[in-house]
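First up is the structure itself, then whatever we jot down about it.
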Amino acid sequence: MKPKSGCIAIVGRPNAGKSTLLNAVLDANLSIVTPKAQTTRERIRGVLSEGKRGQLVFVDTPGIHQAREGGINAFMVNEAREAMGGVDAIWYLVDPKSEVYHEQEVIKLIVQAPRAPVFVLQSKADIKL
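Under the numbering used here, residues 2 to 130 are what the sequence shown spells out, in order.
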């Protein structure tokens, strides 16, 4: 019998909407949502149970950005990097207002991550560009 569970890492830049997405998927207020960047500092796990269909474990991550060696910023980026190891899928959340060059740090970490399907999701679709 196949396992009926999976793990999905939610990654992206700071303030891309990762915590908002996790809360919406789980229909709960698990992650802090605020306009202040880098509020999520450690991985946050939430489980979606669908009865006989199975369970999905979602991992909300700190925003990926260019961080100097050492300190809290490097710790947060490392949390996101480690969250991508051993997952069944990666949801890469992109703010449509973000310039491509800002996304390079995220893309670099995704490419270095162990192989898992990557789904690119657009956030903030309700906001006019």
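A virtual CB, placed ideally from N, CA and C, is assigned to each residue, including glycine.
Label residue i either buried or exposed according to how many other C-beta atoms from any shown protein chain fall within 10 Å of its C-beta, with 16 as the threshold for buried.
{"i": "valine 112", "result": "exposed"}
{"i": "valine 121", "result": "exposed"}
{"i": "phenylalanine 59", "result": "buried"}
{"i": "glutamate 104", "result": "buried"}
{"i": "valine 78", "result": "buried"}
{"i": "isoleucine 45", "result": "buried"}
{"i": "glycine 18", "result": "buried"}
{"i": "valine 101", "result": "exposed"}
For residue i, which residues in the same chain have their Cβ closer than 6 Å to its Cβ, ignoring the five residues on either side in sequence?
{"i": "proline 115", "result": "Gly86"}
{"i": "asparagine 74", "result": "Ala68"}
Just confirm the distance between the C-beta atoms of residue i and residue j, as a whole number of angstroms; I'd bet it's less than 8 Å.
{"i": "isoleucine 11", "j": "aspartate 61", "result": "5 Å"}
{"i": "leucine 57", "j": "isoleucine 91", "result": "Not quite, the Cβ-Cβ distance comes to about 13 Å (not below 8 Å), so this is no contact."}
{"i": "glycine 47", "j": "leucine 27", "result": "5 Å"}
{"i": "glycine 32", "j": "serine 20", "result": "Per the sequence presented here, residue 32 reads as serine, with glycine not at that position. Indeed they touch by this definition, with Cβ atoms about 3 Å apart."}
Quick one: residues in its chain with C-beta nearer than 7 Å to the C-beta of residue i, no 5 flanking neighbours on either side, listed in chain order?
{"i": "valine 107", "result": "Val12, Gly13, Arg14, Ile65, Tyr93"}
{"i": "asparagine 24", "result": "Asn30, Leu31, Ser32, Val34"}
Which residues in the same chain have their Cβ closer than 8 Å to the Cβ of residue i, if we skip the five residues on either side of it in sequence?
{"i": "threonine 35", "result": "none"}
{"i": "alanine 38", "result": "Pro15, Asn16, Gly64"}
{"i": "methionine 83", "result": "Inspection of the sequence shows that residue 83 is occupied by glutamate rather than by methionine. Correct list, in chain order: Arg44."}
Do residue i and residue j have their C-beta atoms closer together than 9 Å?
{"i": "glutamate 80", "j": "arginine 42", "result": "yes"}
Exercise for review: Starting from the N-terminal side, write out each stretch of the beta strand (DSSP E) that is 3 residues or longer and does not extend beyond the region 13-56.
Suggested key: 45-50
Subject >> Ordered list of alpha helix (DSSP H) runs contained in the region 91-124, each at least 4 residues >> reply: 105-113
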